[in-house]
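S.K.: After the structure tokens below, expect a handful of questions from me.
In the working numbering, the protein residues as written are 59 to 262.
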């Protein structure tokens, strides 16, 4: 399988902009399967996962003109994952608006993907294997510490970035309870793992 250099050279980006067949093949083969797997982990069907993956690459093509490698550590890879995450979140928001909110078991699968959010975020800080293991440890610990409802409130607010009122309606909680639940999980993770984190923004 073709791979994509995580630093992604300016010449490669230029070829992508020119719709070079070989460059796009490398891009799609390198990132497509991972985007698809993230969608599946989020509870999407095979068809929906394929649709979202295609939409990600359409968005990448439309946005290439605005991409700028502002500094050495601002990777094309991080920019692409920002688009992928936003596209997936938009899909979930649309499902919720249509009354197709995920059920309990699916939501817990989505929560497991938080570790991937840390590992593949658009941050300039690239996580090594130890950092990725820490992210997974954080997710596992929080799952064990809190009820499903509390953890779902945290996930929907902090990861999906839904407004509190929408979360409260979906989970049949008060707005204050949603805020408190999200705060409790954030505080717990900071207390348990704060001294092992390299950056404060991971949990902000």
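All C-beta atoms, glycine included, are put in the ideal place defined by N, C-alpha and C.
Excluding sequence positions up to five away, which residues of its chain have a Cβ less than 7 Å from the Cβ of residue 239?
M.R.: Position 181 of the chain shown, counting from 1, holds the residue named residue 239. Counting only Cβ-Cβ distances below 7 Å, and skipping sequence neighbours, we find 208, 211, 212.
S.K.: Under the three-state reduction of DSSP, which class applies to residue 224: helix, strand or coil?
M.R.: Translated into the one-based positions of the chain shown, residue 224 becomes position 166. Three-state DSSP puts residue 224 in a helix.
S.K.: Taking a contact to mean a Cβ-Cβ separation below 7 Å, would you say residue 145 touches residue 104 in this structure?
M.R.: Your numbering for residue 145 matches position 87 in the chain shown. Your numbering for residue 104 matches position 46 in the chain shown. Contact: no.
S.K.: Are the beta-carbon atoms belonging to residue 246 and residue 203 less than 7 Å from one another?
M.R.: The count along the chain shown starts at 1 and reaches residue 246 at position 188. The count along the chain shown starts at 1 and reaches residue 203 at position 145. Their beta carbons are under 7 Å apart, which means residue 246 touches residue 203 by this criterion.
S.K.: Can you tell me whether residue 152 is buried or exposed, with buried defined as 16 or more other CB within 10 angstroms of its CB?
M.R.: Within the chain shown, the letter at position 94 stands for residue 152. When all chains shown are included, residue 152 counts as exposed.
S.K.: Between which two residues does the alpha helix (DSSP H) harbouring residue 250 extend?
M.R.: For this step, residue 250 is matched to residue 192 along the chain shown. Its alpha helix (DSSP H) spans residues 233-251.
S.K.: For residue 243 versus residue 222, is the C-beta distance shorter than 7 Å?
M.R.: Along the chain shown, read from residue 1 onward, the residue named residue 243 stands at position 185. Along the chain shown, read from residue 1 onward, the residue named residue 222 stands at position 164. No, the Cβ-Cβ distance between residue 243 and residue 222 is not below 7 Å.
S.K.: Going by DSSP in three states, residue 102 sits in which element: helix, strand or coil?
M.R.: In the chain shown, residue 102 corresponds to position 44, counting from 1. In the three-state scheme derived from DSSP, where H, G and I count as helix and E and B as strand, residue 102 is classed as coil.
S.K.: The ligand FAD heavy atoms versus the CB of residue 207: any closer than 6 Å?
M.R.: Of ligands this structure carries none, so the ligand FAD is not represented either.
S.K.: Of the choices 135, 251, 119, 150, whose alpha-carbon is the least far from that of residue 107?
M.R.: Within the chain shown, the letter at position 49 stands for residue 107. Out of 135, 251, 119, 150, 150 has the C-alpha closest to the C-alpha of residue 107.
S.K.: Please determine, among 71, 98, 143, 95, the residue with the shortest C-alpha to C-alpha distance to residue 85.
M.R.: Within the chain shown, numbered from 1, the residue matching residue 85 stands at position 27. The option with the nearest alpha carbon to residue 85 is 71.
S.K.: How is residue 205 classed by DSSP in three states: helix, strand or coil?
M.R.: Taking the first residue of the chain shown as position 1, residue 205 is located at position 147. Judged by DSSP in its simplified three-state form, residue 205 adopts coil rather than helix or strand.
S.K.: I'd like to know whether the C-beta atoms of residue 110 and residue 141 end up nearer to each other than 7 Å.
M.R.: Position 52 of the chain shown, counted from the first residue, corresponds to residue 110. Position 83 of the chain shown, counted from the first residue, corresponds to residue 141. With contacts defined by Cβ atoms closer than 7 Å, residue 110 and residue 141 do not form a contacting pair.
S.K.: Mind checking whether residue 251 and residue 196 have CB atoms under 7 Å apart?
M.R.: Here residue 251 refers to the residue found at position 193 of the chain shown. Here residue 196 refers to the residue found at position 138 of the chain shown. Yes; because the gap between Cβ atoms is below 7 Å, this pair is in contact.
S.K.: Should residue 96 be labelled buried (16 or more other beta-carbon atoms within 10 Å of its own) or exposed?
M.R.: Locating residue 96 in the chain shown gives position 38, where the first residue counts as 1. Residue 96 should be labelled buried.
S.K.: Cutting at 7 Å between CB atoms, please list the residues of its own chain near residue 73, excluding the five before and the five after it.
M.R.: Position 15 of the chain shown, counted from the first residue, corresponds to residue 73. So the list reads 81, once near-sequence residues are dropped.
S.K.: Please classify residue 143 as buried or exposed, where buried requires at least 16 other C-beta atoms within 10 Å of its C-beta.
M.R.: By 1-based counting over the chain shown, the position of residue 143 is 85. Answer is buried; the Cβ neighbour count reaches 16.
S.K.: Starting from the Cα of residue 200, find the closest Cα among 215, 225, 248, 231 and give me that residue.
M.R.: Along the chain shown, one-based indexing puts residue 200 at 142. Considering only alpha carbons, the answer is 248.
S.K.: Can you tell me whether residue 226 is buried or exposed? The criterion is at least 16 other CB atoms within 10 Å of its CB, across all chains shown.
M.R.: Within the chain shown, residue 226 is the residue found at index 168, counting from 1. Burial call: buried.
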